[in-house]
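Residue numbers (my numbering): 12 to 91.
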Amino acid sequence: MQINVSNVAVEYDGTPVIYQADFVIHENEKIALIGRNGCGKTTLLKVLTGEVECQKGEDDAPYGVFTSGNPVIGFLKQTS
């Protein structure tokens, strides 16, 4: 199982929230997202789960979230 995030960008109303994100999560790895309010943590999780569509970063590399195997992504959604 593997999750590969490649050349991913997300912006809201023209303001970049995620810019050219590239990383791989391998089988049995666990991750934590830490950062200040409004920096894109929840947006990144929504990209991984398919709730938010990603856009292409600046270069011509393929972009998107690519998976192999049957990854399970779980997170507790925040409430206001």
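The C-beta atom is built at its ideal place from N, Cα and C for all residues, glycine as well.
Environment of Val-19 [buried if 16+ CB atoms lie within 10 Å]: On the sequence shown, residue 19 is found 8 positions in, with the first residue counted as 1. Val-19 is buried by the Cβ-count criterion.
Using C-beta distances below 7 Å, list every residue in its chain close to Phe-86, excluding the 5 sequence neighbours before and after it, in chain order. What you label residue 86 is simply residue 75 of the sequence shown in a count that begins at 1. Cβ neighbours of Phe-86 beyond the five flanking positions: Leu-56.
For Val-35, which residues from the same chain have a beta carbon less than 6 Å from its beta carbon, with the 5 sequence-adjacent residues on both sides left out? Here residue 35 is taken as the residue at index 24 of the sequence shown, counted from 1. The answer, listed in chain order, is Asn-15.
Cβ-based burial, Tyr-30 [other Cβ within 10 Å; buried from 16]: The sequence position of residue 30 within the sequence shown is 19, counting from 1. Burial call: exposed.
Taking 9 Å as the cut-off, decide whether the C-beta atoms of Cys-65 and Gly-49 are in contact. What you label residue 65 is simply residue 54 of the sequence shown in a count that begins at 1. What you label residue 49 is simply residue 38 of the sequence shown in a count that begins at 1. Their beta carbons are not under 9 Å apart, which means Cys-65 does not touch Gly-49 by this criterion.
In its own chain, which residues sit with a C-beta less than 7 Å from the C-beta of Lys-52, not counting the 5 before and 5 after it? The residue labelled residue 52 in the question sits at position 41 within the sequence shown. Excluding residues within five positions, the ones whose Cβ falls inside 7 Å are Leu-44, Gly-46.
I'd like the list of long-range same chain contacts for Glu-69, defined as Cβ closer than 7 Å, with 5 residues on each side in sequence excluded. Looking up residue 69 in the sequence shown gives position 58. Gln-31, listed in sequence order.
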